[in-house]
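**Q** Residue numbers (mature numbering (1 follows the signal peptide of the UniProt record, and there is no 0)): -21 to -1, 1 to 315.
Beta carbons: idealized from backbone N, C-alpha and C, even for Gly.
All values reported here derive from a predicted model rather than from experimental measurement.
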Amino acid sequence: MTLRTLAVALLLCSGRSDNSAATVDSTDANFNTESAEDELAWDEMDSDLAWDDIDEVEADPATVRALFERLDVSRDGRLDVAELQAALESQARSYFESVRASTTYETHALLGAADADDDGTLSLPEFEAGRLYVHHADQVERPDLFAFADVDADGQVAPSELHALLFPEWSGRADAFRAFLRERVRAAHDADADGRLTRRELYGWRQRLRGEDTAEDEGEDEGLAAEDAQRFEWHDGDGDGALDEDELGEFLLPRSTADGGGETLQELTREELRRLVAALQLGMLPEQAGRFGEGMERDDPNVQGEDHFGVEQALALGAPFLRSFQLLLEEDEEPP
């Protein structure tokens, strides 16, 4: 996988396109409030990697034939919808595995930057020193965050433990961290102790830090207020003006495919599959076929026309066919 691919993967798949999970020497204070609409969407990835900037040069026929044979699992000389879908899902699975490995590498790097005594772990004083910025550190006490990460309670946070704070959706502890954050944030900000948080309760900490009256909206930055309102309303599913337990958990740490929530790989690749099948059926570029087929049933890519495709159709499509499986091709190019 190329550096460009990994960069896009890490940026999009972590769901933190505007606010990174952790930085060194950062003074910004921020909730990790990326909404579900900011999560990784496969169509975001494919628009950047699969369909844009299609080479004007003609695709190498030998490469097209080799890819076709690789995808033709049944060895019947034709590709059916199931084989195309399986290949796209395999590509997506490899993509997620690459991002998971990248977050592990980044966790080691960030820990190393904050590890004053170079012992490979973080002590509480090192964690509290502030070189390592973690989302929620201004709403949840750092000792509490440290205690959550320190699973074996040995007083040191190893890279595998820190991973749960920096990239919880990739750590296997996303549900536990979501519940932890929910309880701590609710305890800190639920002024009327009703078990729910209004927008004023949730964001009042900003005004309290500035010594402003949280009973009034005056003085709150208009840009932040507008952004807060949009994110809050997105997660307030029942529109009652307050986030209940489930809504608050999703608000603090949205579920994603990475942590077993969100869309399945099949759902993530459905649009990609629909456009590819339409392109092969219609003999046109995938983006054109996508527009042509906007009225098709999105749940069934094979709604009309052929459902088996020969190598001639793949050769006719050329570079766009290769682009559909760019990550698989890049895997083949990587040194062992």
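Excluding the 5 residues flanking Ala166 on each side, which residues of the same chain have their C-beta closer than 8 Å to its C-beta?
**A** Nothing listed; no residue qualifies.
**Q** Return the CA-CA distance between Thr83 and Leu261, expressed in angstroms with no decimal places.
**A** Looking at the two C-alpha atoms, the distance is approximately 43 Å.
**Q** Could you tell me whether the region 291 to 308 touches the region 64 to 78, using the rule of 3 or more Cβ pairs below 8 Å?
**A** Segments in contact, yes.
**Q** According to DSSP, is Ser77 part of a helix, a strand, or is it coil?
**A** DSSP places Ser77 in helix when its eight states are reduced to three.
**Q** What number of angstroms, rounded off, separates the C-alpha of His87 from the C-alpha of Pro138?
**A** His87 and Pro138: Cα-Cα distance of roughly 6 Å.
**Q** Excluding five sequence neighbours on each side, which residues of the same chain lie with their C-beta closer than 7 Å to the C-beta of Arg136?
**A** The sequence given here places Val at residue 136; Arg does not occur at that position. Contacts found: Thr100, Leu101, Phe106, Phe125, Ala128, Asp129.
**Q** For Val119, report the span of its alpha helix (DSSP H) as first-last.
**A** Where Val119 is concerned, there is no enclosing alpha helix (DSSP H), given that its DSSP letter is neither H nor E.
**Q** Give every residue of the same chain whose Cβ lies closer than 6 Å to the Cβ of Glu148, excluding the five residues on either side of it in the sequence, and list them in chain order.
**A** Here the set comprises Ser235, Ala237, Asp238.
**Q** Helix, strand or coil: which one does DSSP assign to residue 320?
**A** Lying before the first or after the last residue shown, residue 320 is absent from the chain, which here runs from -21 to 315.
**Q** Are there 16 or more other CB atoms within 10 angstroms of the CB of Thr243, so buried, or fewer, so exposed?
**A** By the neighbour-count rule (16 or more Cβ atoms within 10 Å), Thr243 is not buried but exposed.
**Q** Counting only the same chain and skipping the five closest in sequence on each side, list residues whose C-beta sits under 8 Å from that of Leu176.
**A** Answer for Leu176: Val164, Arg165, His168, Asp169, Ala221, Leu222, Leu227, listed in chain order.
**Q** What is the DSSP secondary structure of Leu296, counted as helix, strand or coil?
**A** Here Leu296 sits in helix by DSSP.
**Q** With a threshold of 8 Å on Cβ separation, who are the neighbours of Ala93 within its own chain once the five nearest residues in sequence on each side are excluded?
**A** So the list reads Val3, Leu101, Glu105, Phe106, Ala108, Arg110, Leu111, once near-sequence residues are dropped.
**Q** Name, in chain order, the residues that DSSP records as bridge partners for Phe127.
**A** In DSSP, Phe127 forms no bridge with anything.
**Q** To the nearest angstrom, report how far apart Ala158 and Gln245 are at their CA atoms.
**A** Cα-Cα distance, rounded: 28 Å.
**Q** Have a look at the DSSP bridge pairing and note the partners of Gly289.
**A** Gly289 is bridged to Arg57.
**Q** Short of 8 Å in beta carbon distance, which residues of its chain neighbour His142, apart from the five on each side in sequence? Order them along the chain.
**A** The answer, listed in chain order, is Thr82, Thr83, Thr86, Trp149, Ser150.
**Q** Are the C-beta atoms of Leu181 and some chain B residue less than 7 Å apart?
**A** The displayed structure is made up of one protein chain only, and chain B is not part of it.
**Q** Could you check which residue in Glu250, Gln292, Phe230 has the C-alpha nearest to that of Glu162?
**A** Cα-wise, what sits closest to Glu162 is Phe230.
**Q** Just the Cα atoms here: how many angstroms apart are Val256 and Asp98?
**A** Looking at the two C-alpha atoms, the distance is approximately 54 Å.
**Q** Taking only three categories from DSSP, how would you classify Ser303?
**A** In the structure shown, Ser303 sits in a helix (DSSP, three-state: H, G or I).
**Q** Rounded to the nearest angstrom, what separates Pro298 and Asp51 at their Cα positions?
**A** The amino acid at residue 298 is misidentified as Pro; the sequence shows Ala. Approximately 18 Å, taken between the alpha carbons.
**Q** Mapping the DSSP letters down to three states, classify residue 316 as helix, strand or coil.
**A** Only positions -21 to 315 of the chain appear in the structure, and residue 316 is not among them; the question remains open.
**Q** For Gln64, does the count of other Cβ atoms within 10 angstroms reach 16, so buried, or fall short, so exposed?
**A** That one is buried.
**Q** According to DSSP, which residues form a beta bridge with Thr177?
**A** Bridge partners of Thr177: Ala221.
**Q** Suppose the cutoff is 6 Å on Cβ atoms and the five residues either side in sequence are ignored; what does the same chain contact list for Glu293 look like?
**A** Rather than Glu, the amino acid found at residue 293 in this sequence is Ala. Hits under 6 Å: Val43, Phe47, Phe300.
**Q** Is it buried or exposed, Arg54, if we count other Cβ atoms within 10 angstroms and call 16 or more buried?
**A** It counts as exposed.
**Q** What is the DSSP secondary structure of Ser150, counted as helix, strand or coil?
**A** Residue state, collapsed to three classes: coil.
**Q** What does the alpha-carbon distance come out to for the pair Arg254 and Val119?
**A** Roughly 45 Å separates the two Cα atoms.
**Q** Would Leu67 and Leu252 be called neighbours here (beta carbons separated by less than 7 Å)?
**A** Their beta carbons are under 7 Å apart, which means Leu67 touches Leu252 by this criterion.
**Q** If you draw a straight line from the alpha carbon of Ala(-15) to that of Glu310, how long is it in whole angstroms?
**A** The pLDDT assigned to Ala(-15) is 36, lower than 50, so where the model puts this residue is not dependable; a value taken from the coordinates is nonetheless given after this. In a straight line, the C-alpha of Ala(-15) is about 16 Å away from that of Glu310.
**Q** Quick check: what's the CA-CA separation for Ala61 versus Ala45?
**A** About 19 Å.
**Q** By how many angstroms is the C-alpha of Gly174 removed from the C-alpha of Glu224?
**A** Whole-angstrom Cα-Cα distance: 7 Å.
**Q** From what residue to what residue does the alpha helix (DSSP H) around Glu242 run?
**A** Premise fails: Glu242 is in no alpha helix (DSSP H) and is neither H nor E.
**Q** So, is Ala153 buried or exposed, given that buried needs 16 or more other C-beta atoms within 10 angstroms?
**A** With 16 or more other Cβ atoms within 10 Å, it is buried.
**Q** For my contact list, Gly56 and Gly289 are in at a C-beta cut-off of 8 Å; report their separation, rounded to the angstrom.
**A** About 7 Å; that satisfies the 8 Å criterion.
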